[in-house]
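Those protein sequence lines, which keep their order, are chains A and B. The working numbering puts the first residue of the first sequence at 1, with every later residue one more than the last. The working numbering puts the first residue of the second sequence at 1, with every later residue one more than the last. In what follows, a single structure is set out as structure tokens and then discussed.
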Amino acid sequence: MKKIVFIVFAVLMAIPTVQAQKNYDQFEVQVDGLGCPFCAYGLEKKFKEFKGIKKVKIDIETGDFSFTYPSEKALTIVAVEEQVKKAGYTPMSGRVIRHDGTIEEMGGVKETIAADAEIVTESAFVAGNCEMCQARIVKASTDVFGVSTAAWNKDTKLLEVSYDKNATTLDAIEKAVAKAGHDTKNHQAKNGTYKSLPGCCAYERVEY
Amino acid sequence: MKYIYSLFTLLIMISCAEKEDIAKNWQLSKTIPITGVNAIGMAVGSEGIWLSDGDHNRLVLINDEGKTVKTIDSLDRPMHIDAAEDILYVPQYGNDEVSVFIKEEKEVFMLSDSLDAPAGVSSYNQEKAIADFYNHRILYSKDGKDFISFGKEGKAHGDFYYPTDVQITENNIWVADAYNNRIQVFDKQGTFLKVIGVDQKMNAATGIFVNPTEVFVADFENDRVLVFNHEGVLQQELTKGVEKPIEVIQHQGQVFVSNYRKSELLVFDWKAIPEGENVGEDTHNHNHNH
């Protein structure tokens with residue numbers, strides 16, 4: 001009996017030691033357009049549901065979103081970026097600090113626009129509602145190679161883009177925006193993508 | 001003596017009639033800074049106005065100048081709170097709990113149903129209601145113990161698309177159906193009665209307050225508060241100073257609006273419309289008693 005009590009005691013004592021030895025990677029992502037607290041807190045809530053995730057924190061004012069995840073799972077920053085996007089949010093930058101101190105940054109180096117670029121500025125209608133929509137539309141536009149600047153006005157619903165006309169077209173930019181979940185005059189977002197947007201981004205769909 | 005009474009009554013009637021003739025509306029009286037607090041919810045308790053500071057996971061009791069008097073910390077995203085004397089009802093969006101604080105002592109509101117991001121709570125005598133955000137439904141209880149549930153995700157009458165706030169009145173349950181951009185009214189069996197505000201092109205109806213004659217709605221993305229009568233007819237549009245409004249309450253005859261991102265409360269008074277001011281935005285002319 002004494003032996004059993006000793007073994008149980010030894011096992012119980014060992015548990016905290018094992019837990020303390022578990023390594024975690026620190027993920028830090030900068031998310032844009034967290035205007036509505038209901039949706040912003042939703043991101044935090046969605047990530048909290050992942051098994052093993054710890055210290056989920058989002059600062060609404062700065063858009064800083066961070067959490068830790070067991071190192072053994074080898075979660076990549078690309079997977080996190082995709083997950084954040086899937087949840088309807090717009091990651092602008094991010095990094096992971098591995099438990100051994102190595103750092104991996106989000107995203108590659110964006111190709112620069114050619115020196116002899118012929119920049120044109122055009123506008124297009126893009127459906128959307130709020131600051132979160134704005135962040136997503138602008139990011140989807142500026143991610144298109146050849147686009148130098150993009151701005152979207154939530155009142156007029158107009159996207160104004162400046163781009164190198166030798167590198168891309170307004171139609172290609174509209175396509176990219178639709179792929180991100182926003183209907184344009186010429187391209188409709190897929191239903192599944194639209195439905196995955198946060199509640200505040202549930203804009204009135206464009207009829208074609 | 002009879003004549004004196006009659007004369008007195010006549011004088012009162014004349015005075016009331018004069019009062020009725022003066023066009024009044026809600027006008028911005030002052031702005032109260034609440035530095036460091038991003039108020040999502042407001043409720044009037046026995047000690048004054050409590051604010052739920054969701055961004056900083058706490059409740060804050062403020063004085064008339066907006067200074068913090070006391071706090072209740074370590075909450076998980078408290079949202080649209082309610083109060084009854086010394087009792088505070090706190091929906092916690094982050095951990096799916098509705099907590100009850102009695103003189104700052106915490107108890108958890110027991111529910112057989114599991115919530116997913118409770119965004120608003122209302123207490124009316126023994127009756128309680130909860131806006132269950134991600135489940136797109138309202139929970140309601142006559143006795144605060146046994147709850148019925150109504151609503152589902154959708155756009156039809158009686159459906160919800162992320163309800164954020166709820167208020168029980170004597171005969172009805174009023175719901176801020178946030179991303180359907182409307183207010184819905186139900187009886188206490190959860191039967192749909194009417195919809196308000198669909199013609200106003202709201203963009204996120206995030207907060208609601210109902211008094212005996214009016215319905216105040218925070219139209220978050222449009223930077224305005226809409227004032228309807230109970231039939232749903234627009235009475236006034238408050239825009240002056242309003243920026244990302246998320247909550248409206250009435251306290252001691254004044255209307256308080258929380259400008260969520262600006263850390264400030266706006267205070268509106270029911271006053272005579274200044275001469276020469278246009279009837280329209282902020283000055284919509286109507287008469288009724290407050």
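For every residue, glycine included, the Cβ atom is placed at its ideal position computed from N, Cα and C.
Chain A within 7 Å of residue i, Cβ atoms only
i	result
I81 (chain B)	no
A293 (chain B)	This structure gives no information on residue 293 (chain B), because the portion of chain B shown stretches from 1 to 290.
R77 (chain B)	yes
Three-state class that DSSP yields for residue i in the structure shown
i	result
V84 (chain A)	helix
R315 (chain B)	Since the displayed chain B opens at 1 and closes at 290, residue 315 (chain B) lies outside it and no answer follows.
N63 (chain B)	coil
Y194 (chain A)	helix
Q19 (chain A)	Per-residue confidence for Q19 (chain A) stands at a pLDDT of 48, beneath the threshold of 50, marking its modelled position as unreliable; no derived number is given.
F109 (chain B)	coil
P212 (chain B)	coil
N181 (chain B)	coil
K145 (chain B)	coil
T68 (chain A)	strand
H99 (chain A)	coil
L88 (chain B)	strand
I137 (chain A)	helix
M132 (chain A)	helix
E275 (chain B)	coil
H330 (chain B)	Lying before the first or after the last residue shown, residue 330 (chain B) is absent from chain B, which here runs from 1 to 290.
N203 (chain B)	coil
L28 (chain B)	strand
E247 (chain B)	strand
Spatial distance of residue i from residue j (CA atoms)
i	j	result
G41 (chain B)	S114 (chain B)	22 Å
D64 (chain A)	M132 (chain A)	15 Å
L197 (chain A)	G88 (chain A)	5 Å
D199 (chain B)	I60 (chain A)	32 Å
N181 (chain B)	E264 (chain B)	24 Å
S29 (chain B)	D219 (chain B)	20 Å
Q30 (chain A)	L266 (chain B)	31 Å
H187 (chain A)	L158 (chain A)	15 Å
V233 (chain B)	Y163 (chain A)	47 Å
I196 (chain B)	I249 (chain B)	18 Å
A211 (chain A)	T90 (chain A)	The structure shown does not extend to residue 211 (chain A), since chain A is modelled only from 1 to 208, so the question has no answer here.
K190 (chain A)	I130 (chain B)	33 Å
V217 (chain B)	T191 (chain B)	21 Å
G42 (chain A)	I62 (chain B)	28 Å
V120 (chain A)	V225 (chain B)	40 Å
E122 (chain A)	V147 (chain A)	11 Å
F27 (chain A)	F133 (chain B)	28 Å
V108 (chain B)	K54 (chain A)	24 Å
E160 (chain A)	A117 (chain A)	18 Å
E47 (chain B)	A119 (chain B)	24 Å
D165 (chain B)	I208 (chain B)	6 Å
G199 (chain A)	T31 (chain B)	30 Å
Q254 (chain B)	T68 (chain A)	46 Å
A167 (chain A)	K57 (chain A)	40 Å
CB contact check: residue i to chain B, cutoff 7 Å
i	result
C133 (chain A)	no
N129 (chain A)	yes
I60 (chain A)	yes
M33 (chain A)	In the sequence as displayed, the identity of residue 33 (chain A) is Gly instead of Met. So no, G33 (chain A) is outside the interface.
Y41 (chain A)	yes
A202 (chain A)	yes
G192 (chain A)	no
T17 (chain A)	Low confidence applies to T17 (chain A): its pLDDT is 48, below 50, so where it sits in the model is not reliable enough to give any reading.
G199 (chain A)	yes
P37 (chain A)	yes
S196 (chain A)	no
Residue i CB to nearest heavy atom of the ligand SAH below 6 Å
i	result
H187 (chain A)	Ligands are entirely absent from the displayed structure, and the ligand SAH is therefore not among its contents.
Candidates the options, of which the one nearest residue i by Cα
i	options	result
V78 (chain A)	A:G33, A:I58 and A:G94	A:G94
L170 (chain A)	A:Q26, A:V96, A:F125 and A:E111	A:F125
R98 (chain A)	A:E204, A:I119, A:S71 and A:S141	A:S71
K240 (chain B)	B:Q27, B:Q92 and B:Q189	B:Q27
G181 (chain A)	A:W152, A:E207, A:Y208 and A:A127	A:A127
E221 (chain B)	B:Y179, B:E277 and B:Q92	B:Y179
V257 (chain B)	B:A23, B:P33, B:I22 and B:K24	B:P33
I72 (chain B)	B:I246, B:K103, B:E153 and B:I138	B:K103
What residues in the stretch 210-222 of chain B bring their beta carbon closer than 8 Å to a beta carbon of chain A? F220 and E221
Interface positions of the stretch 154-178 of chain B facing chain A (Cβ-Cβ less than 9 Å), listed along the chain: Y161, Y162, T164 and A178
Can you list, in chain order, the residues of the stretch 92-107 of chain B whose Cβ is nearer than 7 Å to any Cβ on chain A? Y93 and G94
Chain-ordered residues of the stretch 115-137 of chain B with a beta carbon less than 9 Å from chain A: D116, A117, A119, F133 and Y134
Chain A contacts from the stretch 34-67 of chain B (Cβ-Cβ distance under 9 Å): N38, I40, G54 and D55
Any residues in the stretch 244-267 of chain B with a beta carbon nearer than 9 Å to a beta carbon of chain A? Which ones, in chain order? K244, I246, Y260 and R261
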